[in-house]
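Residue numbers (this note's numbering): 754 to 1033.
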Amino acid sequence: MTAPDATIALSPCTVLRLAGPDRVRFLNGQVTNDVRLASPTRAVFSAVLNAKGQLDAVCWIREHEDAYLLDAPRELRDDLFARLDRYLIADDVTLTDESDQWSLVHLPGAAPDDLAAGERYACPRFDPESGVDGLTPAGASSDPPAPVMDAADLLALRVERGVPAWGAELVPGLLPPEAGLDANAISYEKGCYLGQEVISRMKRAGKTNRHLVQLEVPAGTTAPADLLHDGQAAGTITSVSPRANDGRSLALGYRKRKFEGATAFTAGPGEARVLQRLAG
């Protein structure tokens, strides 16, 4: 099943609502992207950091009925709510967990008119130029606009497109530029947010200690797995596509900066070869 003719079911997932007169100022101080870029027809990708500039969460932000709706992986439901609530002090903002109230789907490569019902948002999750989210009340009777993609096809698509995912490439403590999030989840013009000083220093330095890469690995390689170069720990494989071709599979992982000139590594029983650098 190819990306354009499939529906990706994102629910169950985390959905939080931020409403109130101070919502723009408050949220812009908590996330890496400029929330003013979000609209009733467009979602923007962003990261939520700690004071050290390390990942606490990632989310997509959209406007909805004089509020912002944030969607994130389901495992972030409690942590993301607590992280935002912790900094709500004197702000006129109401934070509500609506995770059980919404159903969210995504059509890679689609245009907004391809979704016949519900709220439609341009949302480039897998391609910088295309992709649409469909948001409907949970339990609403509606058929998906295309067959639902299974987990294996979704993993294959994500690895092929070089898209990092929470729990694999994106984990607590990661510095966003290591995964290439500076390309689509960080605004360097909007002003201060928690962790901003660290991210700005990294931009000025122009380097990271490791960077996301796409690799070709022996079929059957499982993640996580170590990348070795002449017996030295050189990185980590984080995701492997279940699809194989001539005994090889695509994978995502991190290569340490010390080995950025190397393309051939040992991974398990065979050779892993870097195909392209995706970040850093």
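Ideal Cβ placement from N, Cα and C applies to all residues, glycine included.
Residue i, buried or exposed, once every other Cβ within 10 Å from all chains shown has been counted against 16
i	result
residue 992	buried
residue 986	exposed
residue 835	exposed
residue 761	buried
residue 842	exposed
residue 963	buried
residue 912	buried
residue 821	buried
residue 901	exposed
residue 1014	exposed
residue 950	exposed
residue 1047	Any question about residue 1047 goes unanswered here, given that the chain covers just 754 to 1033.
residue 948	buried
residue 884	buried
residue 781	buried
residue 984	exposed
residue 751	With the chain represented from 754 up to 1033, any question about residue 751 goes unanswered, as that position is not in the structure.
residue 988	buried
residue 893	exposed
Through-space distance from residue j to residue i, alpha-carbon basis
i	j	result
residue 858	residue 881	18 Å
residue 775	residue 784	15 Å
residue 1025	residue 939	31 Å
residue 873	residue 863	11 Å
residue 769	residue 787	18 Å
residue 923	residue 879	15 Å
residue 887	residue 907	17 Å
residue 929	residue 935	7 Å
residue 1020	residue 979	6 Å
residue 1022	residue 767	39 Å
residue 840	residue 777	14 Å
residue 1012	residue 1027	11 Å
residue 789	residue 845	18 Å
residue 982	residue 959	24 Å
residue 942	residue 967	30 Å
residue 970	residue 802	32 Å
residue 827	residue 765	6 Å
residue 854	residue 877	23 Å
residue 799	residue 1016	30 Å
residue 937	residue 875	14 Å
residue 899	residue 797	24 Å
residue 974	residue 779	44 Å
residue 810	residue 921	13 Å
residue 965	residue 1029	9 Å
Presumed contact (8 Å Cβ cut-off) between residue i and residue j, rounded CB distance
i	j	result
residue 1032	residue 926	Rounded, the Cβ-Cβ distance is 16 Å, inconsistent with contact.
residue 759	residue 819	Actually they are not in contact, since the Cβ atoms of residue 759 and residue 819 sit about 33 Å apart, beyond 8 Å.
residue 961	residue 1010	7 Å
residue 972	residue 944	That belief does not hold up - the Cβ atoms of residue 972 and residue 944 are roughly 48 Å apart, past 8 Å.
residue 833	residue 848	With a Cβ gap of about 10 Å, residue 833 and residue 848 do not count as contacting.
residue 852	residue 830	6 Å
residue 850	residue 763	About 16 Å; that fails the 8 Å criterion.
residue 994	residue 904	12 Å between Cβ atoms; not a contact.
Contact test: residue i Cβ vs the ligand NAP heavy atom, cutoff 6 Å
i	result
residue 901	No copy of the ligand NAP appears in this structure; indeed no ligand is present at all.
ask   = Are at least three pairs of beta-carbons, each pair with one atom in the stretch 787 to 804 and one in the stretch 812 to 819, less than 8 Å apart?
value = Contact between the stretch 787 to 804 and the stretch 812 to 819 is present, because at least three Cβ pairs lie under 8 Å.
key: Segments assigned alpha helix (DSSP H), at least 4 residues, entirely inside the stretch 796 to 865   = If we require 4 residues or more, the alpha helix (DSSP H) runs fully inside the stretch 796 to 865 come out as 830 to 839.
message = Check whether the stretch 799 to 814 and the stretch 951 to 960 touch, using three or more Cβ-Cβ pairs below 8 Å as the test.
response = Yes: at least three Cβ pairs fall under 8 Å.
Contiguous alpha helix (DSSP H) assignments of at least 4 residues, all confined to the stretch 893 to 917 = Fully enclosed alpha helix (DSSP H) runs of no fewer than 4 residues occupy 904 to 914 of the stretch 893 to 917, in order along the chain.
ask   = Are three or more beta carbon pairs between the stretch 995 to 1007 and the stretch 905 to 917 nearer than 8 Å?
value = Counting Cβ pairs under 8 Å, three or more are found: they touch.
ask   = Which parts of the stretch 944 to 981 are runs of the beta strand (DSSP E), unbroken and 3 residues or longer, counting only runs that do not cross its ends?
value = As far as the stretch 944 to 981 is concerned, its whole beta strand (DSSP E) runs of at least 3 residues are 963 to 971.
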